[in-house]
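These notes are about the structure you will find just below.
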């Protein structure tokens, strides 16, 4: 049925029963520091000064592709899956279009957008169905796509990238699952690695966890079953600094299992709904770590698909 | 069926009948200047020097999001279509995961990747089923995804962006459909707009054609039915300069209808199979044109999905 | 990620917070007459005697295909949509498989299963998130597919079909939207049309509403915006008779707008969760009506896709 | 882009280069016995007499659901895959629609239609890109769906079903892969099992091959890698009898590996393009075999999706 529909069905669809009444007292975090109409959160910290300053970090002209290669065999949070199909529309037994024989391949994607290297838009993580800036699920997250906080609202993320090498910090080849990055860890790693963290930064943690996918002894089961990552105090610390995004080389960015039993993805909540900070997952930071590169120009232009929550991405780091 | 299959069926599937015999005499263009194993074409022109130099173009710290917003109503080359569905997996009538009530939205994409702002990977356009570096369709373009030339091979495109304002060149608010950009047009526009084009550049043409989508008098039918764009001499000229990518603010980058009757997408063939140059479509260059910005740092990090031909993108321009 | 996952993530996923506590007092309807483990409801009324008796209705050997043809342009309840793509896997520029040149077309379906001619399985319609036999949404309706009440549990529906011609009953070419079929209407139509309704029957209502799709003056907007159909008293009456399924030649089977303002799909609730009766939508009953056929052998074999809620179908009537 | 497009692009899309010229001399089989415009082949053998006669085979009122349950783990011909996703559109944190709290589950299917129990429509199998009634791939099998021979043309298949128990014939619990059913085998099995085969019949072969999926020692790899099945002489014999459809309890119906090296799916070609006979795969015939039921009423109503090649089905046998 086309978009236009007449009044009768529209009325019926409007008959939503029992939607949560506007809560009289929203939690304090539910009001964004960027105003009640804001939909992009910490992306507001992108200023010309910061972008210009970040571009100044390009001293060697080396680029790093942070998005790992993703396919139908990439470990994903269940029941997420994807497939790609390639076809040659209408070209079998023809020479394509025109006397110049224009032939082409096309492709179809069927699947979930939260697989592999991904950005969590501000509509992704919530606290008991309340999301960034106090939006409740019934209000903005219809099946046809997010009406608020969709990733099409975000122009991209450009700024100063900071990479903290947590494997180096913990003195190990690969950080173990269940290892939280606490406020103290972050401070110590930053100091030892000669870098500071400030407002508008994109902070990426390297654990070498991706060695479980493509290293000498791949173990995708272990990769997907748990992970090292950001802890609660670390998340609160980064939020207090006003960072724009936090990423890691793991599927979920934060520590799993959680530090405290019974908690699930608490760092997501601190960053996203409570502070409007973007989360980047499955970022391949290993080459940055090998090169000892701790600050760089970070550029992410995610596809701006209307109503989308997450997106498969490939941010570029340049130093 | 899982990936592993036994010998009997594998043998059967290998029984491909009548595949085009390796042609004794491939056309000259079918051998890449970057060697017989090359899969990334003009992306080989990305050098640290060029990237560093392009970063030097950032003088104001202003970013431009070149990817237009795309949705199920975006005009697309038939029969391409897409949809996004948002859901809350397993959360209806629950408070999500953990005592901290972690709730989340997820999303599913069903559709074609060649919609809206897109990169054509080198596996997209061919001449009578032969593609970049002489690969033939039967050899690399199976239904399960490209085995050669897939977009996962490309780390991204970073370099000097050049925007030529063809609306200004033609002295019009919006260039008419069927208007080709010839070698002479390109030279004249570049000279008048004070910019040169060189090896490794990403060249973008502005026609204001997107006003047909979101302007005062939207006409998506007209938008999708034809377009102004690169002509044959223009394509040959840009290829001779060694550019890395060519983009435009239209759905097909090149002029439609073609300059010569009976031709279809000939400029695609000159750029892609014959020279390994990337094509970028539906790039929203209008703000660059309004600002009179003709050179800038261009950063594209496309999602690296295994075997993919095209990808919905959002390149970032920074000046 | 493959099906096997280790304990850490499994534990995390099990941390569902605040799921509705088992209600102390379920409504009376939430206990099925076919026992607490029953998942097929009124399909339990299929007995060899009834099937044999229904087969005895075949006196002429004429078959009727009740499933209308469905495509991407079929009106659907928003945001449902579908597409079909045809391709020739790995066959462009080859002669397919084997020396015998086996070539083939394949097809991909992307979309919602509740489009066009469809069966609503018992997991479809609920009362405030409670479904047939008292199952609550959080308990059985995960994103990976229904763990209870999925259509794979149903072997099919075979029995005596009864067609009531409501257009004839109301003395009109096509019944108007908003016209409810009440208990009295059903009784009167059945009597006038010389047919009785009994336990295990499949009852189909004809209104000629599909003329809005393929008649002389198609009006798909009107088709999808409202409809004539079963009213509340009619639903209760049919449930009291113990029918197995109720269908109609409209997209939603029951009257829209509802008889009482503020009500939405109340007949669905009476039939499905409260009585375990199947619902069939977009059944093309017009040829039965033209032939004056009011009872017949009805055979539905829906695809048994694991965890599916609805299915596009094509039941066969034979008289 | 909507369906209507203007002349310029339509003209471009019509510029198909080098489509196979109409062959002067089509093979003899390329002209259907049912006339040049026929699109349903052997379904033309359905007559009221045969349907009525088949209904007379219902002596006990027992139904058999021939479609096996299919899910994302069902072995499939590569690269086919499928997934089902269940969601509650717009219902999280609401009580659904209306004061009566109408809640509902919906589902999305992403995947290939040639998985599990399936009908191969007459547009499926060809000989070097020529299909039933002489249609060539470039002429009817565009990406947007088949314009000829689509399954929407077929009203369903109703007739006399015949089950030949080949496990019994070969005196084994399960027939081995690579075992062909020859003309002699078919004649011998039919005679020993007391059944004849005639025009318009649907013939199903039982091998118990499905025990590899759900038996005591499941081996899905073996299931999908090869199979027993119809041989070339058997296919020619059945075609000579004028049967309407041939099915089996295997993924491909015919013997794999083929009887003659270098051949691939030759029986498909004999049945489909050369004789317009339908093929049914993954039919669970085991209960029929256990009951010793060799003839029955067969009813298949496949979903009539416009342009579809194959369809997941669940035919019903009734005796």
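Protein chains in written order, with UniProt numbering: chain A, 1 to 319; chain B, 1 to 319; chain C, 1 to 319; chain D, 1 to 319.
Idealized CB from N, CA, C, for every residue including glycine.
The structure displayed is predicted, hence computed values, not measured ones.
To the nearest angstrom, report how far apart residue i and residue j are at their CA atoms.
i: residue 182 (chain D); j: residue 275 (chain D); result: 18 Å
i: residue 304 (chain B); j: residue 121 (chain B); result: 11 Å
i: residue 34 (chain C); j: residue 135 (chain C); result: 14 Å
i: residue 43 (chain D); j: residue 154 (chain D); result: 8 Å
i: residue 99 (chain B); j: residue 261 (chain A); result: 9 Å
i: residue 311 (chain D); j: residue 208 (chain A); result: 46 Å
i: residue 245 (chain A); j: residue 301 (chain A); result: 14 Å
i: residue 317 (chain C); j: residue 297 (chain C); result: 6 Å
i: residue 74 (chain C); j: residue 217 (chain D); result: 45 Å
i: residue 22 (chain C); j: residue 77 (chain A); result: Low confidence applies to residue 22 (chain C): its pLDDT is 49, below 50, so where it sits in the model is not reliable enough to give any reading.
i: residue 283 (chain C); j: residue 286 (chain B); result: 51 Å
i: residue 107 (chain C); j: residue 309 (chain D); result: 6 Å
i: residue 93 (chain D); j: residue 131 (chain A); result: 13 Å
i: residue 293 (chain B); j: residue 319 (chain B); result: 8 Å
i: residue 87 (chain A); j: residue 169 (chain D); result: 43 Å
i: residue 148 (chain C); j: residue 70 (chain D); result: 16 Å
Can the beta-carbon of residue i be found closer than 9 Å to that of residue j?
i: residue 162 (chain A); j: residue 190 (chain A); result: yes
i: residue 97 (chain B); j: residue 295 (chain B); result: no
i: residue 277 (chain C); j: residue 123 (chain C); result: no
i: residue 30 (chain C); j: residue 180 (chain C); result: no
i: residue 177 (chain A); j: residue 232 (chain A); result: no
i: residue 234 (chain C); j: residue 280 (chain C); result: no
i: residue 228 (chain B); j: residue 175 (chain B); result: yes
i: residue 213 (chain B); j: residue 223 (chain B); result: yes
i: residue 253 (chain B); j: residue 230 (chain B); result: yes
i: residue 103 (chain A); j: residue 137 (chain B); result: yes
Given residue i, which residues of its chain have a CB within under 6 Å of its CB, disregarding the five upstream and five downstream residues?
i: residue 81 (chain B); result: 111
i: residue 307 (chain C); result: 145, 146, 150
i: residue 114 (chain B); result: 80, 310
i: residue 127 (chain D); result: 269, 273
Excluding the five sequence neighbours on either side, which residues of its own chain have a C-beta within less than 7 Å of the C-beta of residue i, listed in chain order?
i: residue 314 (chain D); result: 65, 66, 67, 117
i: residue 264 (chain C); result: 258
i: residue 226 (chain A); result: 177, 178, 256, 257
Less than 8 Å between C-beta atoms, sequence neighbours within five positions excluded: which residues of the same chain meet that for residue i?
i: residue 236 (chain D); result: 183, 270
i: residue 160 (chain D); result: 50, 53, 54, 57, 198, 200, 201, 202, 295, 296, 297, 298
i: residue 241 (chain D); result: 197, 198, 199, 201
Mind checking the segment 261-272 of chain A against chain B and listing, in chain order, the residues whose C-beta falls within less than 7 Å of any C-beta there? So the close ones are 262, 263, 264, 265, 266, 268, 269.
Taking only runs of the alpha helix (DSSP H) that begin and end inside the segment 206-236 of chain C, which ones reach a length of at least 4 residues, in chain order? Correct list: 211-214, 220-225.
Please identify, using Cβ separations under 7 Å, the residues of the segment 100-122 of chain A that lie next to chain C, in order along the chain. The segment 100-122 of chain A vs chain C, Cβ under 7 Å: 108, 110.
Name the residues in the segment 197-224 of chain A whose C-beta lies less than 8 Å from a C-beta of chain C; which are they? Within the segment 197-224 of chain A, the residues whose Cβ lies closer than 8 Å to some Cβ of chain C are 220, 221, 222, 224, listed in chain order.
With 8 Å as the limit, tell me which residues of the segment 146-157 of chain A have their beta carbon closer than that to any beta carbon of chain B; keep them in chain order. From the segment 146-157 of chain A, only 146, 152, 155, 156 have a Cβ closer than 8 Å to chain B.
Members of the segment 291-308 of chain A near chain B, C-beta cut-off 8 Å: From the segment 291-308 of chain A, only 297, 299, 300, 301, 302, 303, 304, 305, 306, 307, 308 have a Cβ closer than 8 Å to chain B.
In the segment 76-93 of chain C, which residues sit with their C-beta less than 7 Å from some C-beta in chain A, listed in chain order? Correct list: 76, 78, 79, 85, 87, 88, 91, 92.
Near-chain C residues of the segment 63-76 of chain D (beta-carbon distance less than 9 Å), N- to C-terminal order: If the cut-off is 9 Å between Cβ atoms, the segment 63-76 of chain D has 63, 64, 65, 66, 67, 68, 69, 70, 71, 72, 73, 74 near chain C.
Which residues, taken in chain order from the segment 122-144 of chain A, show a beta carbon closer than 7 Å to some beta carbon of chain C? Residues of the segment 122-144 of chain A with a C-beta less than 7 Å from any C-beta of chain C: 143, 144, listed in chain order.
Output, in sequence order along the chain, the residues in the segment 42-57 of chain C whose CB is closer than 9 Å to any CB in chain D. Taking 9 Å as the Cβ-Cβ cut-off, the segment 42-57 of chain C approaches chain D at 46, 47, 48, 49, 50, 51, 52, 53, 54, 55, 56, 57, given in chain order.
Runs of alpha helix (DSSP H) wholly within the segment 133-197 of chain D (minimum 4 residues, chain order): You should have 137-140, 166-169, 183-192.
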